[in-house]
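K.L.:
In the working numbering, the protein residues as written are 2 to 361.
Have a look at the structure that comes next, please.
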């Protein structure tokens with residue numbers, strides 16, 4: 002049996018995966034930060050466990066998957082989840098079958114009721130056909146957002162600005178005129194800045210009626226990724242008062258806007274616009290060519306464009322804000338599942354549905 006990859010070896014494989022796909026695959030997938038060892042370490046600190054399966058060729062990793070496991074209460078087994086993976090050449094049927102078989106083996110060893118994957122693949126009939134042929138069926142609910150806005154960071158800053166909506170450009174400049182500045186948290190300021198970030202998150206969550214991760218979760222995420230130069234906490238301020246903040250992640254060519262928050266006060270200074278522009282410049286300076294704004298309503302494009310000005314529920318206010326930055330809409334293939342214990346899977350889904358309804 003081959004020796005398991007260390008965390009550093011796994012991350013090197015993930016980092017190299019995208020380029021290999023672009024050179025050889027006809028259905029290329031991305032290398033995603035949710036498949037890095039740091040993400041597994043983060044989740045393992047909050048109730049999950051993790052393992053990795055790897056396919057080698059000539060001693061080198063060729064394909065694989067990082068699988069997260071969530072134990073169920075009363076010793077009823079677990080659920081197995083592969084965020085933004087597996088990392089395979091989806092156009093190579095034999096390789097796909099082999100990696101899925103390894104995932105099955107690992108999932109059954111952890112007494113998983115089912116395996117859910119969310120490949121980092123654009124939605125297409127080709128992708129759906131491959132996944133169906135592998136024995137997966139569409140999951141009813143995705144964990145990660147299916148629809149997002151992608152901003153191209155390759156052009157010079159002036160050209161990126163020119164690609165934005167006129168009002169967004171105006172608000173970015175207005176924030177500067179009204180005295181808003183953006184700084185990046187440092188190791189010395191991080192503890193206080195994270196506390197301020199969490200305060201704003203609680204305010205934003207209450208305003209938008211959605212839950213937020215705990216302070217401990219955000220602190221762990223920042224420490225894990227910032228020490229690897231793969232995350233930054235940005236704070237938009239006016240006269241030393243924090244008005245908005247965002248935690249931005251980066252891996253390879255891509256940056257992600259995962260967590261953001263803003264104050265109810267002094268919103269007329271447009272701090273969130275200054276913050277997003279500063280985040281894009283941070284990502285560009287780091288070498289990223291893609292800025293993923295991470296999550297808009299999962300609706301058809303014509304619905305998004307016809308209703309964004311009037312809808313106020315769910316992610317619609319977020320979409321109104323994000324669309325101004327000129328990104329291109331992308332939709333991924335979503336969640337797919339393989340079920341090992343159908344009766345237990347049905348029971349689990351009913352319990353989740355009942356709990357979700359009670360929480361709404």
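C-beta atoms are modelled at their ideal positions from N, C-alpha and C, and glycine is treated no differently.
Check whether the region 240-252 touches the region 301-309, counting contact only when three or more Cβ pairs, one atom from each stretch, lie closer than 8 Å.
P.N.:
Not touching, per the Cβ criterion.
K.L.:
How many Å lie between residue 182 and residue 136 at the Cα?
P.N.:
So the alpha carbons of these two residues sit roughly 52 Å apart.
K.L.:
Along the chain, where does the beta strand (DSSP E) that runs through residue 226 open and close?
P.N.:
First-last for residue 226: 216-227, but that is the alpha helix (DSSP H), not the beta strand (DSSP E).
K.L.:
Which residue or residues does DSSP assign as beta-bridge partners of residue 258?
P.N.:
Per DSSP, 249.
K.L.:
Is residue 62 helix, strand or coil when you go by DSSP?
P.N.:
In the structure shown, residue 62 sits in a strand (DSSP, three-state: E or B).
K.L.:
Just the C-alpha distance for residue 162 and residue 153, rounded to the nearest angstrom, thanks.
P.N.:
Straight-line Cα distance between these residues: approximately 11 Å.
K.L.:
Below 8 Å on the Cβ atoms is my contact criterion, and I expect residue 39 with residue 225 to pass it. Report the Cβ-Cβ distance as a whole number of Å.
P.N.:
Indeed, because the Cβ distance is near 5 Å, the residues count as touching under 8 Å.
K.L.:
Nearest to residue 5 by alpha carbon, out of 54, 48 and 17?
P.N.:
Comparing Cα-Cα distances from residue 5 to each of 54, 48 and 17, the minimum goes to 54.
K.L.:
Please say whether residue 140 and residue 328 have beta carbons closer to each other than 8 Å?
P.N.:
Result no, Cβ atoms of residue 328 and residue 140 do not sit closer than 8 Å.
K.L.:
Per DSSP, what kind of secondary structure is residue 346 in: helix, strand or coil?
P.N.:
Residue 346 falls in the helix class under three-state DSSP.
K.L.:
According to DSSP, is residue 309 helix, strand or coil?
P.N.:
The answer is coil: DSSP assigns residue 309 none of H, G, I, E or B.
K.L.:
Taking buried to mean at least 16 other C-beta atoms within 10 Å of its own C-beta, is residue 203 buried or exposed?
P.N.:
Exposed, by the Cβ-count rule.
K.L.:
Does the region 184-197 come into contact with the region 227-243, if we say contact requires no fewer than three beta-carbon pairs (one atom in each stretch) closer than 8 Å?
P.N.:
Verdict: yes, contact present.
K.L.:
For residue 205, which residues from the same chain have a beta carbon less than 7 Å from its beta carbon, with the 5 sequence-adjacent residues on both sides left out?
P.N.:
Closer than 7 Å at the Cβ level, and outside the excluded window around residue 205, lie 262 and 263.
K.L.:
Taking its Cβ as the centre, do 16 or more other Cβ atoms sit within 10 Å of residue 46, making it buried, or is it exposed?
P.N.:
Result: exposed.
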